Amino acid sequence: MFNITERITYLEKKTAEMQAFLESAPAGSLNCKLTRGKFRYYIHENGIQTYLPSSKSDIINKLAKKKMFKSVLMSAKKELAALKQYKANSGLFEKTINRFYENNPGCAGIIRPGGWSYENRINSKVTAWQQEEYIRNPYYCEGLIHNTLRGEKVRSKSEACIADILYLAGIPYRYECQLVINGEIFYPDFVIMDPSTGKIYIWEHFGLMDDRDYYLRTVHKISAYAAEGYLPEKNFIITYEDENDPFTTVQAAEKVSHYFHRNVSSMLIR
10 MFNITERITY LEKKTAEMQA FLESAPAGSL NCKLTRGKFR YYIHENGIQT YLPSSKSDII
70 NKLAKKKMFK SVLMSAKKEL AALKQYKANS GLFEKTINRF YENNPGCAGI IRPGGWSYEN
130 RINSKVTAWQ QEEYIRNPYY CEGLIHNTLR GEKVRSKSEA CIADILYLAG IPYRYECQLV
190 INGEIFYPDF VIMDPSTGKI YIWEHFGLMD DRDYYLRTVH KISAYAAEGY LPEKNFIITY
250 EDENDPFTTV QAAEKVSHYF HRNVSSMLIR
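Quick note: the sequence shown, position 123, residue 132 per the working numbering, numbers continuous.
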């Protein structure tokens with residue numbers, strides 16, 4: 010099946026191209042007649058039909074495009090609208106169930122028949138979140154040079170370490186997922202969903218704290234996250250390193266154990 014976001018982008022581009030062409034297209038419409046095995050082309054304008062010789066290939070081509078674009082533009086718009094509506098409502102059933110349980114916590118542990126239990130609700134939420142598309146950081150892609158166990162590339166060895174620990178622990182994450190706070194765009198290193206609760210966490214690894222500009226950007230980022238409700242030791246995981254104190258796999262495993270109660274220490278190579 011095609012990627013919905015990519016299809017929407019494609020249709021938006023084609024729709025814009027067709028509309029722009031039609032706005033500047035030549036007047037009149039093209040008529041094609043098959044005569045003695047060959048097509049002859051005519052322009053119909055103001056009730057008058059005029060023959061177009063092959064020397065007028067440029068106008069013939071433009072009128073042919075005009076005819077085609079006028080024919081297919083509405084179909085493109087209809088498909089685009091349908092895809093946008095589908096994307097907006099995708100997962101609505103699960104989201105409504107989740108909202109019900111959030112508003113009615115007393116029901117979470119007692120509704121069992123038909124797969125409506127709290128556990129199934131969380132599993133559905135996690136699955137939907139994992140399958141959901143998200144906007145990734147589009148900048149400095151050439152810096153993505155470190156491989157992870159999940160088969161993606163990240164920017165540093167420390168980020169690869171964190172990604173691998175989360176993967177081994179069975180904890181779903183999004184790498185450099187776009188987060189908009191008060192109109193400002195951020196790309197946290199990791200946005201994580203606790204598979205046991207469905208709660209969202211952010212994990213930022215700050216690796217250049219010796220650099221003053223980097224330090225100031227970090228302070229601003231932490232302040233912005235706090236304004237959005239992401240607080241250290243609550244749902245905002247922070248790790249650091251500098252030249253004298255490098256980040257280790259053991260430290261990553263300890264963070265995962267502390268926040269998500271998953272023990273991956275036995276999987277580590279000592």
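Think of the CB as a built atom: it goes at the ideal place given N, C-alpha and C, for glycine as much as any other residue.
Here the structure is a predicted model, which is why all the values come from computation and not from measurement.
Close Cβ partners of residue i (< 7 Å) along its chain, the five nearest in sequence each way excluded
| i | result |
| --- | --- |
| residue 122 | Low confidence applies to residue 122: its pLDDT is 47, below 50, so where it sits in the model is not reliable, and the reading given next is rough at best. Cβ neighbours of residue 122 beyond the five flanking positions: none. |
| residue 84 | none |
| residue 204 | 135, 179, 180, 181 |
| residue 61 | 50, 51, 52, 68, 69 |
| residue 241 | 247 |
| residue 239 | 211, 245 |
Contact check, residue i vs residue j, beta carbons under 8 Å
| i | j | result |
| --- | --- | --- |
| residue 71 | residue 36 | no |
| residue 24 | residue 82 | yes |
| residue 201 | residue 180 | yes |
| residue 30 | residue 74 | yes |
| residue 188 | residue 182 | no |
| residue 264 | residue 248 | yes |
| residue 156 | residue 196 | no |
| residue 213 | residue 184 | no |
| residue 207 | residue 163 | no |
| residue 96 | residue 154 | no |
| residue 9 | residue 21 | Residue 9 is absent from the model: the chain starts at 10 and stops at 279. |
| residue 27 | residue 78 | yes |
Close Cβ partners of residue i (< 8 Å) along its chain, the five nearest in sequence each way excluded
| i | result |
| --- | --- |
| residue 109 | 116 |
| residue 40 | 50, 51, 52, 53, 58 |
| residue 172 | 157, 158, 159, 161, 163, 182, 184, 199 |
| residue 144 | 186, 187 |
Sequence-distant residues of its chain with Cβ nearer than 6 Å to residue i (five each side left out)
| i | result |
| --- | --- |
| residue 270 | none |
| residue 100 | 137 |
| residue 94 | none |
| residue 139 | 181 |
| residue 48 | 41 |
| residue 219 | 251 |
| residue 55 | none |
Residue range of the unbroken beta strand (DSSP E) whose run includes residue i
| i | result |
| --- | --- |
| residue 243 | From DSSP, residue 243 is part of no beta strand (DSSP E); its letter is neither H nor E. |
| residue 193 | 193 to 195 |
| residue 41 | 38 to 44 |
| residue 58 | 57 to 61 |
| residue 47 | 47 to 54 |
| residue 213 | 209 to 215 |
Cβ separation of residue i and residue j, assumed to be a contact under 8 Å, to the nearest whole Å
| i | j | result |
| --- | --- | --- |
| residue 256 | residue 170 | 7 Å |
| residue 178 | residue 259 | Rounded, the Cβ-Cβ distance is 14 Å, inconsistent with contact. |
| residue 209 | residue 244 | 7 Å |
| residue 216 | residue 133 | Rounded, the Cβ-Cβ distance is 36 Å, inconsistent with contact. |
| residue 167 | residue 32 | Going by Cβ atoms, the distance from residue 167 to residue 32 rounds to 52 Å, so no, they are not a contact pair. |
| residue 38 | residue 87 | At roughly 23 Å, the Cβ-Cβ gap does not stay under 8 Å, so residue 38 and residue 87 are not in contact. |
First through last residue of the alpha helix (DSSP H) which encompasses residue i
| i | result |
| --- | --- |
| residue 267 | 258 to 269 |
| residue 177 | 166 to 177 |
| residue 188 | From DSSP, residue 188 is part of no alpha helix (DSSP H) but of the beta strand (DSSP E) over 188 to 190. |
Determine contact between the stretch 178 to 192 and the stretch 213 to 226, defined as no fewer than three beta-carbon pairs at a distance below 8 Å.
-> no
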